[in-house]
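Student: Chains as they are written, first to last, in full-length UniProt numbering: chain A, 1 to 555; chain B, 1 to 555. Backbone N, C-alpha and C define an ideal beta-carbon position, used for all residues, glycine too. From a predicted model like this one, the values you see are computed outputs, not experimental measurements. Here you go, one structure.
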Ligand SMILES: Cc1ncc(C[n+]2csc(CCOP(=O)(O)OP(=O)(O)O)c2C)c(N)n1
Ligand SMILES: Cc1ncc(C[n+]2csc(CCOP(=O)(O)OP(=O)(O)O)c2C)c(N)n1
């Protein structure tokens, strides 16, 4: 019999997913049957729910959707922080929470995974307060409710939450309804006059500017809308920049790219070009503290047109434009627009000076250049918050390279599972992760998942004796910035890897690192882990300055 | 200068804690200075926030209080599920969340660890919806607010939540206020006439009963009030039982103990005694699904007097008693009461039949008996949800042995960090943990903390190829009940243990297990890890039945 469970999974499949993330529990086991019993879907089976949510986030960034399944209360709340990150950074994840049988909830039974108070609705309410669209599925309107929540995710690029009671999951559904999928879940929208007007005003503003600059952001990227702006930028030879948040929204090897901007700490010539801009068109970027070096961007409101996921404004106001705004439509409308006359911009970016390795003890500055130099076209670089993000995000990346990080929500431990999610979504793009040992420990158990699925990313673990990024903000020598001394070279085996599945390097010097990176890149059929030792107070020079800036903002 | 930070930490110290749990972040770093800069407090420094919350819970169960420090948003939400468990099972944990500077929040800055929407109050609201007492500390009434929240924890035994902005933490406080600590945080309460009346009615009811039975629960235990009831029970020779939830609230070696009750699946003679009872006086127990074998207790409302943390009732109603109820006062009042005539009860419990080890492959039934046999007086047995809890909780434990589990909230991964918390709180009671490999992987990184603090518990890891307890409920052979194949024997070294800090056993047979347990018990100065292999479908016989019962309830 075709049931709500089957329907929900067919929806997920239709939207383009082959994987579902999560952890089983007795309130979702029967739903999981419908995943593992079909051969076009993989149940990933995470080590815990927070990691599952991070992994779903990494997957959704690549595919435009991801589904996460947890069990009531315990699994749901464990995944909270991951889902909150998806909300903060506009990543379309659907959280499906298996709930007790409706009858048992109605009877307010003292069942496990509750507060023993008969109140089952608290969990959904908590997520509503967080800012998620939520829905408790019931026997009534089940299909409509599922459709509504999934359409919301598609139309907004935001995560959403639903609870699925055991009995509701089993309700029969007429399978013919699947024939309407293409109309239900159509991502395309026809451009209304209103949204076209916005696009035209924008073009007009560019025509009137002397030094227009496009800024592309994470909202554009995570909603898979970047190709629209790429076309516009390339056709009109418009200069563009990105931020650490949403970096690589557009291919950074395009000749129109001026480098990644990060406020006052930006390198030349990027900084100078931004400073000179008399118009900044922001497509879905957020100017948050970490990616603007604590709000030190040179342009002010009067110079910005914001075309954002939720809203738009021209120089701080909507002006006279009132109507039904759609990010998608405006961006789509812009795609084919032509400027009055093509621009004649050219930029000469500083190439990353090739790092000549010596036998000197590694520094973060050398490390960053060496890692950037090692990245091949088409790969994905994932950088954890901390020295990795600060050190790597300023560099321009090769053709078609993707970059992933979480600089707004900035939850450490995120990068590792999210990298695995990305690798599962796109196994053609080898993922290279740079993380700190302080961060990796939060979510290290997902190594078991990586190995079970036999993935082959490259993982660099910076072992610098603790939370260096925190040291730079406060408490340079304080014991709370120390962490347990782990031996990452033993981890693959401890988490189940067979000898021929992985390769390990333990590096201390410049040449050891370069050598390890070379071998890692040429060994494409293994998981490669590089443990990198660095001094506990060493950091990318920009981060040292950022540390002071953050401290000032906190004081 | 003496500040709010100092005050808050002095309060924690006054209440009797030497340890604070949590993870640093830039919104709490300066607060942490005030912990690590004094030599009478230990900052535990967890691997992640969920584990920190679990560990604080384990600590609070032993000490009656624990403090947890996290950073805004990311750390806070990561710890949620742990705090929710404390709420569900009445464990007094104070969650202190470091927040951005008040001015930055007022300006709605797009700072890290937020949704980038300028809304900082969502997090507190989420916790309020969960059911916690919450407080956002501000420059006004800071000391009063702290006092109010801490008094609440003391008076209710429940967790609570407060946010501490960076600037508020630095506000000067007059240190002389510490002189009032003894009056502010006095746990003792004088018994009012109203509460004494309840106690007297209760005694009267016992006097009128032919077969009265006392049931002691987790609320009594976690609020450290069991000694009051122990006195009453012993003086009057009253029979008592406990449940898996709150097991060992009273010393199970008392002659009045009739064994642990678990509804229809209870062994004789315990079951018979409970079935015969014409009056059950419930002191702080909750009759939840798992600990009553799905609500199969033999006594009904008309036989029960509930003296619970939040409320009381006589046979389902308050009758004519209206007044200010205090669990503490009623329990204290009962302590010294005498029955009309002392009872002449005697019980003969079945001793655990000593397991005679063979070279046969281990079964869960043998395992449970062998583990129980190995436990020494004064030790603490911690059992994870799953086969461990189901197998071990029915047995009567030796003199002064404590038992810890989480059968209502039942979040797997809880047992390991909570065991470490208990061991830190009471290093005189060696902790013995029994957990499953499916559960342990959720929180395994806390091994680094265990090793850093050089603790010496015994840890048994049941490796039965996945989630056996789930298999018994649904999906016996389904792949979602498999887990990554980890090698726990490599874990101590991977997580930083030196060769002389630990001992490892990898056991497959009965005699190997008994041998390992003997050696573990006689090696008190090392951490001992025993990896125990069992068949994937093997389970304690009671759990097999429970699995069917749960399945029926779900269907
Ligand atoms: C979940 C969570 N907890 C705490 C923090 C606070 N925090 C930010 S960076 C950091 C330290 C990162 O250390 P590590 O990964 O070792 O990086 P590095 O030493 O290279 O800077 C911490 C604890 C956070 N961002 N997220
Ligand atoms: C946080 C959380 N996620 C999921 C569950 C659902 N669950 C309950 S028991 C269990 C399996 C436990 O397996 P294991 O520890 O290996 O125990 P055993 O095989 O001995 O039963 C799972 C996944 C839960 N209780 N808590």
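On a CA-only basis, which of A:282, A:392, A:275 is nearest residue 221 of chain A? Give me that one, please.
Tutor: A:282
Student: List, from N- to C-terminal side, the beta strand (DSSP E) runs of 3 residues or more that fit wholly inside the stretch 303 to 340 of chain A.
Tutor: 304 to 307, 312 to 314
Student: Any heavy atom of ligand 2 closer than 7 Å to the Cβ of residue 542 of chain B?
Tutor: no
Student: Against residue 122 of chain B, what residues of chain A qualify as contacts under a CB-to-CB distance less than 7 Å, listed in chain order?
Tutor: 129, 130, 131
Student: Spatial neighbours of residue 111 of chain B within its chain, please: CB distance less than 7 Å, with the 5 preceding and 5 following residues excluded, ordered by chain position.
Tutor: 100, 104
Student: Name the DSSP beta bridge partners of residue 503 of chain B, please?
Tutor: DSSP, once it has assigned bridges, lists B:528 as partnering residue 503 of chain B.
Student: When every heavy atom of ligand 1 is checked, does at least one fall within less than 7 Å of the C-beta of residue 464 of chain A?
Tutor: yes
Student: From which residue to which residue does the alpha helix (DSSP H) around residue 557 of chain B run?
Tutor: Given that chain B is displayed from residue 1 to residue 555, the structure contains no residue 557 of chain B and the question cannot be resolved.
Student: If contact means a Cβ-Cβ distance below 9 Å, which residues of the stretch 466 to 489 of chain A contact chain B?
Tutor: For the stretch 466 to 489 of chain A, which is checked against every Cβ of chain B, the residues closer than 9 Å are 467, 469, 470, 473, 474, 475, 478, 479, 480, 481, 482, 483, 484, 485, 486, 487, 488, 489.
Student: Determine whether the beta carbon atoms of residue 225 of chain B and residue 331 of chain B lie at a separation below 8 Å.
Tutor: yes
Student: Please tell me whether residue 438 of chain A and residue 483 of chain A are closer than 8 Å, where the distance is taken between their beta carbons.
Tutor: yes
Student: Mind checking who residue 241 of chain A pairs with in its DSSP beta bridge?
Tutor: Bridge partners of residue 241 of chain A: A:215.
Student: Taking C-beta pairs closer than 8 Å, name the residues in chain A that residue 417 of chain B reaches, listed in chain order.
Tutor: Within chain A, no residue comes near residue 417 of chain B; the closest Cβ sits about 12 Å away, beyond 8 Å.
Student: Whole angstroms are fine: how far does the CA of residue 219 of chain B sit from the CA of residue 285 of chain B?
Tutor: 6 Å
Student: Using the three-state DSSP reduction, which class does residue 433 of chain B fall into: helix, strand or coil?
Tutor: strand
Student: Apply the 10 Å Cβ neighbour rule to residue 499 of chain B and answer buried if 16 or more other Cβ atoms are within range, or exposed otherwise.
Tutor: exposed
Student: What do you reckon, is the C-beta of residue 479 of chain A under 7 Å from a heavy atom of ligand 1?
Tutor: no
Student: Should residue 38 of chain B go down as buried or exposed, given a rule of 16 or more other Cβ atoms within 10 Å for buried?
Tutor: exposed
Student: Reducing DSSP to helix, strand and coil, say where residue 260 of chain B ends up.
Tutor: strand
Student: With distance defined between alpha-carbon atoms, name the residue in A:383, A:215, A:71 nearest to residue 27 of chain A.
Tutor: A:71
Student: Taking 7 Å as the cut-off, does the CB of residue 398 of chain B come closer than this to any heavy atom belonging to ligand 4?
Tutor: Within the structure as shown, ligand 4 is missing, the only ligands being ligand 1 and ligand 2.
Student: For residue 514 of chain B, tell me which candidate among B:116, B:496, B:372 has the shortest Cα-Cα distance.
Tutor: Of the listed residues, the one whose Cα sits closest to residue 514 of chain B is B:372.
Student: Quick one: which chain B residues come within Cβ less than 9 Å of residue 113 of chain A?
Tutor: 88, 408, 409, 410, 411
Student: On the three-state DSSP scale, how would you describe residue 172 of chain A?
Tutor: Per DSSP, reduced to three states, the secondary structure at residue 172 of chain A is strand.
Student: Are the C-beta atoms of residue 17 of chain B and some chain A residue less than 8 Å apart?
Tutor: no
Student: Here's a check: name, in chain order, each residue in its chain whose Cβ is nearer than 6 Å to the Cβ of residue 290 of chain B, leaving out the five neighbours to either side.
Tutor: 407
Student: Going by CA-CA distance only, name the one from B:201, B:350, B:198 that's closest to residue 271 of chain B.
Tutor: Checked all of B:201, B:350, B:198; the closest Cα to residue 271 of chain B is B:350.
Student: Does any C-beta atom of chain A lie closer than 8 Å to the C-beta of residue 535 of chain B?
Tutor: no
Student: Output, in chain order, the set of chain A residues within a Cβ distance shorter than 7 Å of residue 74 of chain B.
Tutor: 81, 409, 410, 411
Student: Check distances from the C-beta atoms of the stretch 288 to 309 of chain B to those of chain A and list, in chain order, the residues that come in under 8 Å.
Tutor: 288, 289, 290, 295
Student: Relative to the alpha-carbon of residue 153 of chain A, which residue among A:15, A:78, A:176, A:77 has its alpha-carbon at the smallest distance?
Tutor: A:15
Student: Across which residues does DSSP place residue 399 of chain A in a beta bridge pair?
Tutor: Paired residues: none, contrary to the question.
Student: How big is the Cα-Cα spacing for residue 251 of chain A and residue 378 of chain A?
Tutor: Those two C-alpha atoms are separated by around 10 Å.
Student: Rounded to a whole number of angstroms, what is the C-alpha to C-alpha distance between residue 279 of chain B and residue 130 of chain B?
Tutor: 35 Å
Student: Select from A:376, A:229, A:417 the residue whose C-alpha is nearest the C-alpha of residue 402 of chain A.
Tutor: A:376
Student: Which residues in the same chain have their Cβ closer than 8 Å to the Cβ of residue 355 of chain B, if we skip the five residues on either side of it in sequence?
Tutor: 366, 369, 370, 373, 510, 514
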